Structures are given as C-alpha cells and as structure tokens.
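The block underneath contains the structure these notes are about, expressed in structure tokens.
There are 2 protein chains.
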Amino acid sequence: MIDKFEIIGLIAALLTTSAFVPQVYKAVKSKSTESLSLPMYLIFFVGIMLWLVYGFHLNSLAMILSNIITGILALVLIILKLKYK
Amino acid sequence: MIDKFEIIGLIAALLTTSAFVPQVYKAVKSKSTESLSLPMYLIFFVGIMLWLVYGFHLNSLAMILSNIITGILALVLIILKLKYK
Chain Y
190 MIDKFEIIGL IAALLTTSAF VPQVYKAVKS KSTESLSLPM YLIFFVGIML
240 WLVYGFHLNS LAMILSNIIT GILALVLIIL KLKYK
Chain H
190 MIDKFEIIGL IAALLTTSAF VPQVYKAVKS KSTESLSLPM YLIFFVGIML
240 WLVYGFHLNS LAMILSNIIT GILALVLIIL KLKYK
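If you read the sequences in order, they're chains Y and H. Just so you know, this note's numbering puts 200 at position 11 of the first sequence, and the rest follows in order with no gaps. Just so you know, this note's numbering puts 268 at position 79 of the second sequence, and the rest follows in order with no gaps.
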C-alpha cells in the first residue's frame with residue numbers, strides 16, 4: 190500500500206532523477222564527455238549502489254526505483270566517458 | 190543505535206555528497222556558473238527537500254544528514270548562479 194510519505198518519496202525520486210537526465214542526454218547527443226570527471230562519477234556510482242542496498246533494507250519503493258534509474262544513468266555516463274576518451 | 194545498514198547508508202551519503210563538492214568548489218573559485226542550468230538546480234533542490242521530509246519520516250539518519258548537506262550545496266550553486274548571472 191502506498192501511503193502519503195511514499196508519494197512524497199516518489200515525487201522526490203522523480204525530481205532528483207529528472208535533474209540528472211539533461212546531462213546524460215547532452216553527453217549522448219554531443220558524444221562529448223570532456224567536462225565530466227571519471228573519478229567523480231565512479232564514486233557517485235558506488236554511492237548510488239550503497240543507497241540501493243540501504244533502500245532495500247528500508248523497504249523503500251521510492252529509494253529502490255530512484256537508485257536503480259540513477260545508477261543506470263551514471264553507468265551510461267561512465268561507459269560514454271571510457272568510450273570517447 | 191547505529192546498525193550495519195545505517196553505516197552502509199552513511200557511507201552512501203558520504204560518497205554521493207562528496208561527488209557534488211567539486212562542482213560547488215569550481216563555481217565558487219571560478220565565480221563562473223555559465224554551464225550550470227538554473228531550472229535543473231531548482232528542480233533538484235525541491236527534490237532534495239522532499240527527500241529530506243521522506244528521510245525524517247523513515248527516521249533515517251543517513252538520509253537526513255545527506256539531504257541537509259546536499260540541499261545546502263545546491264542552494265549555494267543556485268545563489269551563485271543568480272549572483273553571477
């Protein structure tokens with residue numbers, strides 16, 4: 190059952206994940222990742238995976254969904270960064 | 190009492206928040222925010238505030254700390270963006 194706070198969490202997930210999309214779109218379209226920092230995205234990706242573990246522990250749908258999607262987006266940026274290096 | 194999963198959450202918080210610091214440092218030092226998107230950071234900031242509400246609801250120390258710090262960093266970028274516009 191989705192309660193009021195789960196909806197707040199899902200809106201939060203939608204907003205913070207959406208904020209990340211333009212960066213991925215720009216990198217894919219321009220095939221340029223020059224201004225992206227690889228170590229930063231690697232650290233970020235590991236952090237997201239730990240949030241995912243934590244989200245499963247809290248049984249939080251919003252955190253699980255959010256971190257799976259953000260994790261995929263971060264992985265796309267890492268792969269592009271390695272590809273266009 | 191901090192359990193194993195709370196420690197995972199705190200490490201996750203440390204990593205994803207750290208990944209955000211270089212961007213703030215760069216903007217403060219260079220006094221340049223040209224490449225930052227204001228609507229994106231406003232959306233991101235609202236999302237972070239909702240995550241904070243959600244973190245209080247889940248009584249999650251990691252989420253509360255992480256979103257307070259990330260919220261402050263995002264707010265600094267928004268203020269710089271408005272200042273150097």
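Cβ coordinates follow ideal geometry from the N, Cα and C atoms, glycine included. Computed from a prediction, not measured in an experiment: that's the story for all the values here.
CA nearest to the CA of residue i, picked from the options
{"i": "LEU269(H)", "options": "ILE196(H), LEU254(H), PHE194(H), SER224(H)", "result": "SER224(H)"}
{"i": "ILE196(H)", "options": "TYR243(Y), LEU227(Y), PRO228(Y)", "result": "TYR243(Y)"}
{"i": "ILE258(H)", "options": "ILE267(H), PHE209(H), LYS218(H), ILE232(H)", "result": "PHE209(H)"}
{"i": "SER255(Y)", "options": "PHE194(Y), GLY198(Y), ILE191(Y)", "result": "GLY198(Y)"}
{"i": "ALA201(H)", "options": "ALA263(Y), LEU227(Y), ILE232(Y)", "result": "ILE232(Y)"}
{"i": "TYR273(H)", "options": "LYS193(H), ASN248(H), ALA216(H)", "result": "ALA216(H)"}
{"i": "LYS193(H)", "options": "LYS218(Y), HIS246(Y), PHE194(Y)", "result": "HIS246(Y)"}
Residue range of the unbroken alpha helix (DSSP H) whose run includes residue i
{"i": "THR222(Y)", "result": "No alpha helix (DSSP H) contains THR222(Y), which DSSP labels as neither H nor E."}
{"i": "VAL256(H)", "result": "For the record, residue 256(H) in the displayed sequence is Asn; it is not Val. Here the alpha helix (DSSP H) through ASN256(H) covers 250-272."}
CB contact check: residue i to chain Y, cutoff 8 Å
{"i": "SER226(H)", "result": "yes"}
{"i": "ALA216(H)", "result": "no"}
{"i": "ILE267(H)", "result": "no"}
{"i": "VAL213(H)", "result": "no"}
{"i": "SER219(H)", "result": "no"}
{"i": "ILE253(H)", "result": "no"}
{"i": "ILE197(H)", "result": "yes"}
{"i": "ILE191(H)", "result": "no"}
{"i": "LEU204(H)", "result": "yes"}
{"i": "TYR243(H)", "result": "yes"}
Coarse secondary structure for residue i, derived from DSSP in three states
{"i": "ILE281(Y)", "result": "This structure leaves residue 281(Y) out entirely; chain Y is present only between 190 and 274."}
{"i": "PHE245(H)", "result": "helix"}
{"i": "ALA208(H)", "result": "coil"}
Within-8 Å CB hit, residue i to chain H
{"i": "LEU239(Y)", "result": "yes"}
{"i": "LEU262(Y)", "result": "no"}
{"i": "THR222(Y)", "result": "no"}
{"i": "ILE257(Y)", "result": "no"}
{"i": "LEU247(Y)", "result": "yes"}
Cross-chain neighbours of residue i in chain C, by beta carbon under 7 Å
{"i": "ILE200(H)", "result": "The structure shown contains no chain C; the protein chains it does contain are Y and H."}
(Q) With three or more beta-carbon pairs closer than 8 Å as the criterion, would you say the stretch 234-244 of chain Y touches the stretch 200-209 of chain H? (A) yes
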